[in-house]
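Protein sequence lines, in the order shown, are assigned to chains R and H.
Numbered per the numbering used here, the first sequence spans residues 5 to 247.
Numbered per the numbering used here, the second sequence spans residues 8 to 443.
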Amino acid sequence: MTVIRKICCVVHKIVKHGNGVYTLELFPEKSLPVFRPGQFLHLALDVYDPSGFWPDSRAFSIASSPQVRDKLRVSYAVKGQFTGRMERELTEGKKVWIKLPYGEFVVEGESPTALIAGGTGITPFCGFLEDLRPNQANDIYLFYGARCADLLIYRELVTKVAQSVLRFFPYYFVEIAPISTTSSNNFHPRIGLLAIEQIWSHLSNPLHTIYYLSGPPLMCQTFSTELRACQVPLDHIRIDAWE
Amino acid sequence: MSNLREKILDLVKSYYQEKFIEKKYNPETDRIHYAGRVFDEDELVNLVDSSLDFFLTSNRYAEEFEASFAEFLGISSALLVNSGSSANLVALTALTSPKLGERRLKPGDEVLTVAAGFPTTLAPIIQNHLVPVFVDVSLGDYTAIPERMIQAISPKTRAIMMAHTLGVPFDLDIVLDLVKRHNLWLVEDNCDALGSTYRDKLTGGFGHIASHSFYPAHHITMGEGGCVVTNDEFLEKIARSIRDWGRDCYCTGGENNTCGKRFSQQFGSLPYGYDHKYVYSHIGYNLKLTDMQAAIGVAQLKKLPSFIAARKNNFRFLLEMLQPYEDCLILPKALPNSDPAWFSFVITVRPDAGFTRNELTRFLEVNMIETRNLFSGNLLKHPAFENIERRVVGDLYNTDLIMNNTFFIGVYPGIKAPHIEWIASVFHRFMTGERV
Numbered sequence: 005m006t007v008i009r010k011i012c013c014v015v016h017k018i019v020k021h022g023n024g025v026y027t028l029e030l031f032p033e034k035s036l037p038v039f040r041p042g043q044f045l046h047l048a049l050d051v052y053d054p055s056g057f058w059p060d061s062r063a064f065s066i067a068s069s070p071q072v073r074d075k076l077r078v079s080y081a082v083k084g085q086f087t088g089r090m091e092r093e094l095t096e097g098k099k100v101w102i103k104l105p106y107g108e109f110v111v112e113g114e115s116p117t118a119l120i121a122g123g124t125g126i127t128p129f130c131g132f133l134e135d136l137r138p139n140q141a142n143d144i145y146l147f148y149g150a151r152c153a154d155l156l157i158y159r160e161l162v163t164k165v166a167q168s169v170l171r172f173f174p175y176y177f178v179e180i181a182p183i184s185t186t187s188s189n190n191f192h193p194r195i196g197l198l199a200i201e202q203i204w205s206h207l208s209n210p211l212h213t214i215y216y217l218s219g220p221p222l223m224c225q226t227f228s229t230e231l232r233a234c235q236v237p238l239d240h241i242r243i244d245a246w247e
Numbered sequence: 008m009s010n011l012r013e014k015i016l017d018l019v020k021s022y023y024q025e026k027f028i029e030k031k032y033n034p035e036t037d038r039i040h041y042a043g044r045v046f047d048e049d050e051l052v053n054l055v056d057s058s059l060d061f062f063l064t065s066n067r068y069a070e071e072f073e074a075s076f077a078e079f080l081g082i083s084s085a086l087l088v089n090s091g092s093s094a095n096l097v098a099l100t101a102l103t104s105p106k107l108g109e110r111r112l113k114p115g116d117e118v119l120t121v122a123a124g125f126p127t128t129l130a131p132i133i134q135n136h137l138v139p140v141f142v143d144v145s146l147g148d149y150t151a152i153p154e155r156m157i158q159a160i161s162p163k164t165r166a167i168m169m170a171h172t173l174g175v176p177f178d179l180d181i182v183l184d185l186v187k188r189h190n191l192w193l194v195e196d197n198c199d200a201l202g203s204t205y206r207d208k209l210t211g212g213f214g215h216i217a218s219h220s221f222y223p224a225h226h227i228t229m230g231e232g233g234c235v236v237t238n239d240e241f242l243e244k245i246a247r248s249i250r251d252w253g254r255d256c257y258c259t260g261g262e263n264n265t266c267g268k269r270f271s272q273q274f275g276s277l278p279y280g281y282d283h284k285y286v287y288s289h290i291g292y293n294l295k296l297t298d299m300q301a302a303i304g305v306a307q308l309k310k311l312p313s314f315i316a317a318r319k320n321n322f323r324f325l326l327e328m329l330q331p332y333e334d335c336l337i338l339p340k341a342l343p344n345s346d347p348a349w350f351s352f353v354i355t356v357r358p359d360a361g362f363t364r365n366e367l368t369r370f371l372e373v374n375m376i377e378t379r380n381l382f383s384g385n386l387l388k389h390p391a392f393e394n395i396e397r398r399v400v401g402d403l404y405n406t407d408l409i410m411n412n413t414f415f416i417g418v419y420p421g422i423k424a425p426h427i428e429w430i431a432s433v434f435h436r437f438m439t440g441e442r443v
């Protein structure tokens, strides 16, 4: 892996998406090391003294482009003690420490690719999507699900990419149907959970597609099992697994 | 507290001035070493600063060194180890990892190398039950003869592991072509050659993996220390495992669950979720270094460009001064397309010179000029290596000549103009007939 760096960052902006979901924009105090789309960082809330031990931290996928070296984006949903502290303690201007890059869940896009993202599970795909070129050679599918439309927090980015990249095909899924006023003309999500039968028919060559699964463990596990049952080779299934 | 630390570090600076400040050179009493530490108060301050952390194992300085070193070389991964020899061991052993599948080196596979070199370029080949294949080297540049390398390739050849001996890059055009055509691994032993370039690219970045040494004789020092570098993240992970007891987990000291899967993976026949920190995927070693060593390295690395320039200058001056004696001495040279950051000034006494290598080196030593042989000369003549399983392609005529007739003197940055003048005068005295 690239040499791990520990960097102090200023929380520049906090976006509240509602339902305990947040996006942080961080300004690092020195240039970020090289990282690849899909990799993650560790974020610590407590003051870190570089001459001592690294404090308690949690891993977050890097949701910004590897090309951008002077700022970072991460998103999180409040689910446990650490993210609860984040919600309570983080304010714009506060300093946090990060260490990065980590992880082998790297999205390559060298073959037809299906990105399956549940909730904040979209984050490891954001850097990859942001860097897609308009003449991208392979079909890239994104199946992006969340509880409600407001929690499709990277919909704006996805829409922007879809406008410029011909071979990028996004599909949205929400569990709760959007009320008509929040639904734009171009936004028609499928209602219901992300499931294999919902995506299979959209893929031009499902057995030769590389699947990247990121989201709640149960979603990843279910998809993985179902893809295997559909004869997708094991090495075509990449999972962003977390405890 | 921080004020106290600052006071201590200020005192360290004063101590440096008192203890280490350079004295006026006296040729009668001051030996001109072939190599040595060149440092100032920065190294001493970093060392004490790190000791005050009392973290001891790799920490902030190791992190800073690895990042800066990788950046200097233009390589993605740098992994500190406790010596250049360890770097060679880790680099080659990484290529035997079962994680590489069919690409891995297996016992009995052949590795192309040379016998005119340092033992720990060769030792990892033997330690990994691989078979070294030796080719002769050219005189003057002391690198493998390209025709012999081409001739040496057999269906069993799987890797090339060689040093850029004494800073001279070997013929990378030929080597990279062989690597490509025969799908070989290339391990660059760059221990002598930090800062050397080939076709304007730094050596250490051509191979799949490369080693560096920070022993005091080398371009920068940590006392003891070395580094493995690679652009292949998978190889880096394997190398890290081999360095760190063979464990699968990559958390550093004091870290836990960096991967986020500490208790949720299946390894071998262990119970599911066995603590990843104690899962071993390789037969490894512990070859890590301390943060105090890295702290010295951080200060040294900042001086590296000036060190390289000084080595090149010293080399140039010595070459100029010794050129009149070329009828007796084979003087060092680089291969086309290369620009060495010279490790030393290497000389071979021509067989018909009318004097021996030992007569010359004795004269130099008596006159306070330190000399060294080209490491082992011919490694195959040493007790440890005499009976190893090997293949030799052609003869090792030049290697034997090196064993008998070659030596080197220093070009390191501690050598200044007055030293060079003294060296020139001593050579002149010898070449005009004076003997001890």
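Idealized CB from N, CA, C, for every residue including glycine.
Proximity test, Cβ basis, 7 Å: Ala85/H and chain R: So yes, Ala85/H belongs to the interface.
7 Å Cβ cutoff met for Gly211/H and Val236/H: Yes, the Cβ-Cβ distance between Gly211/H and Val236/H is below 7 Å.
Short Cβ contact (7 Å threshold) for Ala306/H with Asn53/H: The answer is yes: Cβ separation under 7 Å.
Phe270/H burial status per 10 Å Cβ neighbour count (16 or more: buried): Label assigned to Phe270/H: exposed.
Simplified DSSP state of Ala355/H, which is helix, strand or coil: Sequence inspection shows Thr at residue 355/H; the Ala mentioned does not correspond to that position. Thr355/H: strand per DSSP, three-state reduction.
Ser351/H beta carbon less than 7 Å from that of Ser288/H: No. Outside cutoff.
is_contact[Glu262/H, chain R] using C-beta, thresh 7 Å: With 7 Å as the cut-off, Glu262/H counts as an interface residue toward chain R.
C-alpha gap between Ala151/H and Glu33/R, whole angstroms: When rounded, the distance between both Cα atoms is 47 Å.
Sequence-distant residues of its chain with Cβ nearer than 6 Å to Ser220/H (five each side left out): For Ser220/H, where only same-chain residues beyond five positions count, the Cβ hits under 6 Å are Gly91, Cys198 and Gly233.
Inter-stretch contact at 8 Å, needing at least 3 Cβ pairs: the segment 317-327 of chain H / the segment 422-440 of chain H: As far as the Cβ criterion goes, the segment 317-327 of chain H touches the segment 422-440 of chain H, which means the pair count is three or higher.
Own chain, CB closer than 6 Å to Tyr285/H, minus 5 neighbours either side, in chain order: Excluding sequence neighbours, Tyr285/H sits near nothing in its chain.
Residue from Ser205/R, Phe173/R, His212/R and Cys130/R whose Cα sits closest to the Cα of Ser65/R: The shortest CA-to-CA distance from Ser65/R to any of Ser205/R, Phe173/R, His212/R and Cys130/R is the one to Cys130/R.
N- and C-terminal bounds of the alpha helix (DSSP H) containing Lys309/H: Run containing Lys309/H: Asp298 to Leu329, per the alpha helix (DSSP H) assignment.
Exposure of Leu63/H, with buried meaning 16 or more beta-carbon neighbours within 10 Å: Per the 10 Å Cβ criterion, exposed.
The beta strand (DSSP E) enclosing Tyr32/H, as first and last residue numbers: From DSSP, Tyr32/H is part of no beta strand (DSSP E); its letter is neither H nor E.
When His435/H, Val443/H and Ile416/H are compared against Arg38/H, the one with the closest alpha-carbon: The shortest Cα separation from Arg38/H among His435/H, Val443/H and Ile416/H belongs to Ile416/H.
CA nearest to the CA of Thr213/R, picked from Pro221/R, Pro193/R, Arg242/R and Leu198/R: Ranking the options by Cα distance to Thr213/R, first place goes to Arg242/R.
C-alpha gap between Glu195/H and His171/H, whole angstroms: Answer to the nearest angstrom: the Cα atoms are 7 Å apart.
Limits of the beta strand (DSSP E) - the one that Leu183/H falls within: Careful: Leu183/H lies outside any beta strand (DSSP E), inside the alpha helix (DSSP H) at Leu179 to His189.
Pairwise C-alpha distance: Leu381/H and Val144/H: About 12 Å.
For Val144/H, three-class secondary structure by DSSP: Val144/H: strand per DSSP, three-state reduction.
Within-7 Å CB hit, Glu73/H to chain R: Under the 7 Å criterion on CB atoms, Glu73/H is classed as interfacial with respect to chain R.
Gly267/H at chain R interface by Cβ criterion, 7 Å: With 7 Å as the cut-off, Gly267/H counts as an interface residue toward chain R.
Under the three-state DSSP convention, the category Thr378/H falls into: Under the three-state reduction of DSSP, Thr378/H is assigned to coil, being neither helix nor strand.
The segment 295-309 of chain H touching the segment 68-76 of chain H, judged by at least three CB pairs closer than 8 Å: Inter-segment contact for the segment 295-309 of chain H and the segment 68-76 of chain H is present: three or more beta-carbon pairs are separated by less than 8 Å.
Local conformation of Leu119/H per DSSP, three classes: Correct three-state label for Leu119/H: strand.
Chain R residues whose Cβ lies nearer than 7 Å to that of Asp207/H: Per Cβ cutoff of 7 Å: no residues; Asp207/H is ~22 Å from chain R at best.
Proximity to Phe147/R [Cα-Cα], best of Tyr215/R, Gly88/R and Tyr176/R: Minimum Cα distance to Phe147/R is reached at Tyr176/R.
Rounded distance between the beta-carbons of His283/H and Asp255/H, thought under 8 Å: Between His283/H and Asp255/H the Cβ distance is about 6 Å, and since that is below 8 Å, they are a contact.
Inter-stretch contact at 8 Å, needing at least 3 Cβ pairs: the segment 110-119 of chain R / the segment 91-98 of chain R: The segment 110-119 of chain R is not in contact with the segment 91-98 of chain R.
Helix, strand or coil at Phe3/R [DSSP, three-state]: Residue numbering for chain R in the displayed model covers 5 to 247; residue 3/R lies beyond these limits and cannot be assessed.
Alpha carbon of Phe86/R to alpha carbon of Arg9/R, nearest angstrom: Looking at the two C-alpha atoms, the distance is approximately 22 Å.
Span of the beta strand (DSSP E) around Ala85/H: Per DSSP, the continuous beta strand (DSSP E) segment holding Ala85/H begins and ends at Ser84 to Val88.
Spatial neighbours of Gly125/R in its chain, beta-carbon cut-off 6 Å, leaving aside the 5 residues before and after: Contacts found: Ser218 and Gly219.
Chain-ordered residues of the segment 90-115 of chain R with a beta carbon less than 7 Å from chain H: Of all residues in the segment 90-115 of chain R, Tyr106 have a Cβ within less than 7 Å of some Cβ in chain H.
Contacting positions in the segment 36-70 of chain H - beta carbon closer than 9 Å to chain B: Within the model displayed, chain B is absent; protein chains R and H are what it includes.
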